[in-house]
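Undergrad: First, the structure itself, so that you have it in front of you.
Protein chains: 2
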Amino acid sequence: MTDEFECDRLDRRRRAITDAARALFIEQGFERTTLGQIVERAGGSLATIYKLFGNKEGLLDAVVFEKAASGENLIREITQCGASPADTLRRLAAVLYERFLDPDDVALVRIVIARSIEDADFARRFFESTAMHTRRALERTFAQWEAQGVRLYGPPDMLAEVFLGLMVSDMQTDAISHGVVARPSAERIAARIEFFLRGAGLA
Amino acid sequence: MTDEFECDRLDRRRRAITDAARALFIEQGFERTTLGQIVERAGGSLATIYKLFGNKEGLLDAVVFEKAASGENLIREITQCGASPADTLRRLAAVLYERFLDPDDVALVRIVIARSIEDADFARRFFESTAMHTRRALERTFAQWEAQGVRLYGPPDMLAEVFLGLMVSDMQTDAISHGVVARPSAERIAARIEFFLRGAGLA
DNA sequence: ACAATCGTGTAATGACTATTACACCTTCGC
DNA sequence: GCGAAGGTGTAATAGTCATTACACGATTGT
Chain H
25 MTDEFECDRL DRRRRAITDA ARALFIEQGF ERTTLGQIVE RAGGSLATIY
75 KLFGNKEGLL DAVVFEKAAS GENLIREITQ CGASPADTLR RLAAVLYERF
125 LDPDDVALVR IVIARSIEDA DFARRFFEST AMHTRRALER TFAQWEAQGV
175 RLYGPPDMLA EVFLGLMVSD MQTDAISHGV VARPSAERIA ARIEFFLRGA
225 GLA
Chain R
25 MTDEFECDRL DRRRRAITDA ARALFIEQGF ERTTLGQIVE RAGGSLATIY
75 KLFGNKEGLL DAVVFEKAAS GENLIREITQ CGASPADTLR RLAAVLYERF
125 LDPDDVALVR IVIARSIEDA DFARRFFEST AMHTRRALER TFAQWEAQGV
175 RLYGPPDMLA EVFLGLMVSD MQTDAISHGV VARPSAERIA ARIEFFLRGA
225 GLA
């Protein structure tokens, strides 16, 4: 009767709880959200939360890494469909803007950062499974192009860092800091890509 | 008898309290730091804190904006000493790395972000008085160079965004997220600057 | 020195919330 | 239908901490 799976009653409960928790965490942050509010929205009871997630932090863990896992294959799909480097980077930029500036994603990153003050390892794991993942995938792509005879101004790891920094890091930093960031226009994105291609020796 | 000023007894008290508060906020974050701990480290009493800062948030405000104000004239000093654009940007990059990756600064930004979940305006004010300030100063510098006949590939506001994004945003994002970020080597910084100069048409 | 001002130390207030315990009721296999 | 397994709702536990109140002692201007 649910939308996707129905393996078990517990699975439905689990899903309902993480959905409610994610929404509330995004609205109010982790600390201000009480387990009572989550139960109120998801139905069920406190005891179920403790049975499924151990404690409040376990619930945050589940919420955050569920979301982080959902973007894993993104880069690979785009970089492996054989388009030219320039076209690949153009398409990649569009996807990165979409993903990294998504308000829910930004809110989750804020929560991870806030939590990281008390639990640095939590943030490191999140960071490793998102930003680092993206960066290394891109680095491999540059290395692959180089192996195919494309001449690049600079080593793949630097180019990967620079591409990501150039495209979204500054805006993501602004967004995370609650600066008012408008989604950049298509022309603005295009200008940044051309800038990158010139700097990398691809144009 | 104090190091700098001694206008008043209250001023000394104020300084001692914000110093202790800053250190504790950086160590533990805002929420986990109790006013009791601050009193314990700074001496004095709870009543004094309430008299000087109103409440705990007022104290955070004082700590954060005291630090933010200290970097106001940084860009202006560097951009107005008449060096060539390339040299100016080189020197600017060094200063930005120094400042934006300073662990205490990064810890404060984390605190601002955490707080911003509950008070978005707080973060906006911080952001306006730091990152936006830097960006606009840099934008004016590019516009000035253009007016002096330097030809640039792209409008000053885009170049300012791109320069900051390229130099430090990605690393600052990593640092804020508790990713392990090594201070980049001189060669790495130099490579990024050359990358920017190529992209901007300055080399 | 003196008195008034003002910071200090302590303790009380009041509210909040993660976590646990417990007694019902629903669900599912048979 | 029946009985066990396991959610559910409620309430108790227990600790924390911002904030306020208050009586005491130090400091300062005269």
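Residue numbers (our numbering), protein chains in the order written: chain H, 25 to 227; chain R, 25 to 227. The C-beta atom is built at its ideal place from N, Cα and C for all residues, glycine as well. Computed from a predicted structure; not experimentally measured.
Counting contacts by CB-CB distance shorter than 8 angstroms, is Phe-89 (chain H) in contact with chain R?
TA: Residue 89 (chain H) sits at position 65 when you count from the first residue of the first sequence. No, its Cβ sits nowhere closer than 8 angstroms to a Cβ of chain R.
Undergrad: Is the beta carbon of Ser-153 (chain R) sitting closer than 8 angstroms to the one on Asp-194 (chain H)?
TA: To locate residue 153 (chain R), count along the second sequence from 1; it is residue 129. To locate residue 194 (chain H), count along the first sequence from 1; it is residue 170. No, Cβ-Cβ distance for Ser-153 (chain R) and Asp-194 (chain H) is not below 8 angstroms.
Undergrad: Enumerate in chain order the residues of its own chain whose CB-to-CB distance from Thr-112 (chain R) is below 7 angstroms, with the five nearest sequence positions on each side excluded.
TA: Within the second sequence, numbered from 1, the residue matching residue 112 (chain R) stands at position 88. Result list for Thr-112 (chain R): Ile-102, Thr-103, in chain order.
Undergrad: Is the CB of Glu-142 (chain H) under 8 angstroms away from at least one CB in chain R?
TA: Here residue 142 (chain H) corresponds to residue number 118 of the first sequence, with the count starting at 1. With 8 angstroms as the cut-off, Glu-142 (chain H) counts as an interface residue toward chain R.
Undergrad: Could you round the C-beta distance between Leu-221 (chain H) and Ala-215 (chain H) to whole angstroms and report it? I think they count as a contact, below 8 angstroms.
TA: Position 197 of the first sequence holds residue 221 (chain H). Position 191 of the first sequence holds residue 215 (chain H). Their Cβ separation, rounded to whole angstroms, is 11 angstroms, which puts Leu-221 (chain H) and Ala-215 (chain H) out of contact at 8 angstroms.
Undergrad: Would Glu-307 (chain R) and Arg-56 (chain H) be called neighbours here (beta carbons separated by less than 8 angstroms)?
TA: Only positions 25 to 227 of chain R appear in the structure, and residue 307 (chain R) is not among them; the question remains open.
Undergrad: Express the C-alpha separation of Gly-68 (chain H) and Leu-34 (chain H) in angstroms, rounding to a whole number.
TA: As a position in the first sequence, residue 34 (chain H) is number 10, starting the count at 1. As a position in the first sequence, residue 68 (chain H) is number 44, starting the count at 1. So the two alpha carbons sit approximately 11 angstroms from each other.
Undergrad: Give the range of the alpha helix (DSSP H) segment to which Ile-200 (chain H) is assigned.
TA: In the first sequence, residue 200 (chain H) corresponds to position 176, counting from 1. Residues 194–200.
Undergrad: What are the start and end residues of the alpha helix (DSSP H) that includes Ile-141 (chain R)?
TA: Residue mapping note: residue 141 (chain R) aligns to position 117 of the second sequence, counting from 1. Counting along the chain, Ile-141 (chain R) falls outside any alpha helix (DSSP H), and DSSP gives it neither H nor E.
Undergrad: Show which residues of chain R have a CB atom less than 7 angstroms away from the CB atom of Ile-200 (chain H).
TA: Translated into the one-based positions of the first sequence, residue 200 (chain H) becomes position 176. Under the 7 angstroms cutoff, chain R gives Ile-137.
Undergrad: What are the boundary residues of the alpha helix (DSSP H) that Met-182 (chain R) is part of?
TA: Sequence index remark: in the second sequence, residue 182 (chain R) carries index 158 (1-based). Unbroken alpha helix (DSSP H) run through Met-182 (chain R): 180–188.
Undergrad: When DSSP labels each residue in this structure, what does Ala-232 (chain R) get in the three-state scheme?
TA: For residue 232 (chain R) there is no data in the structure shown, the boundaries of chain R being 25 and 227.
Undergrad: Taking Phe-151 (chain R) as the query, report the chain H residues whose CB atoms sit under 8 angstroms from its CB, ordered along the chain.
TA: Counting from 1 along the second sequence, the entry for residue 151 (chain R) is found at position 127. Asp-198, Ser-201, His-202, Gly-203, listed in chain order.
Undergrad: Relative to the C-alpha of Gly-189 (chain H), which residue among H:Gly-60, H:Leu-162, H:Ala-206 is closest?
TA: For the purposes of this step, residue 189 (chain H) is taken as residue 165 along the first sequence, with counting starting at 1. Selected option, being the one with the closest Cα: H:Leu-162.
Undergrad: Evaluate contact between the stretch 198–208 of chain R and the stretch 162–171 of chain H, counting only Cβ atoms and requiring at least three cross-stretch pairs below 8 angstroms.
TA: With a cut-off of 8 angstroms, the stretch 162–171 of chain H and the stretch 198–208 of chain R do not count as touching, because too few Cβ pairs lie within range.
Undergrad: Quick check on Thr-58 (chain R): buried or exposed, where buried means 16 or more other Cβ atoms within 10 Å of its Cβ?
TA: As a working mapping, residue 58 (chain R) is identified with position 34 in the second sequence. It is exposed - the Cβ of Thr-58 (chain R) has fewer than 16 other Cβ atoms within 10 Å.
Undergrad: Could you check which residue in R:Arg-37, R:Pro-208, R:Ala-224 has the C-alpha nearest to that of Phe-124 (chain R)?
TA: Here residue 124 (chain R) is taken as the residue at index 100 of the second sequence, counted from 1. Out of R:Arg-37, R:Pro-208, R:Ala-224, R:Pro-208 has the C-alpha closest to the C-alpha of Phe-124 (chain R).
Undergrad: Quick one: residues in its chain with C-beta nearer than 7 angstroms to the C-beta of Ala-199 (chain R), no 5 flanking neighbours on either side, listed in chain order?
TA: Against the second sequence, residue 199 (chain R) aligns to sequence position 175. Hits under 7 angstroms: Leu-125, Val-130, Val-205.
Undergrad: What three-state label does DSSP hand Phe-77 (chain H) in the structure shown?
TA: Taking the first residue of the first sequence as 1, we reach residue 77 (chain H) at position 53. Residue state, collapsed to three classes: helix.
Undergrad: His-157 (chain R): which of R:Ala-93, R:Arg-115, R:Ala-66 sits nearest, CA to CA?
TA: As a working mapping, residue 157 (chain R) is identified with position 133 in the second sequence. Answer by Cα proximity: R:Ala-93.
Undergrad: Would you say Asp-129 (chain H) reaches chain R, if we count a Cβ-Cβ gap shorter than 8 angstroms as a contact?
TA: On the first sequence, residue 129 (chain H) is found 105 positions in, with the first residue counted as 1. Taking Cβ atoms only, chain R never reaches closer than 8 angstroms to Asp-129 (chain H), which makes this a no.
Undergrad: Name the residue from H:Ile-135, H:Leu-176, H:Arg-160 whose alpha carbon lies nearest to the alpha carbon of Phe-52 (chain H).
TA: Stepping through the first sequence from its first residue, residue 52 (chain H) is reached at position 28. Going by the sequence as given, residue 52 (chain H) is Gln instead of Phe. For Gln-52 (chain H), the nearest C-alpha among the options comes from H:Ile-135.
Undergrad: DSSP three-state call for Ala-71 (chain H): helix, strand or coil?
TA: For the purposes of this step, residue 71 (chain H) is identified with residue 47 of the first sequence, where counting begins at 1. Three-state result, Ala-71 (chain H): helix.
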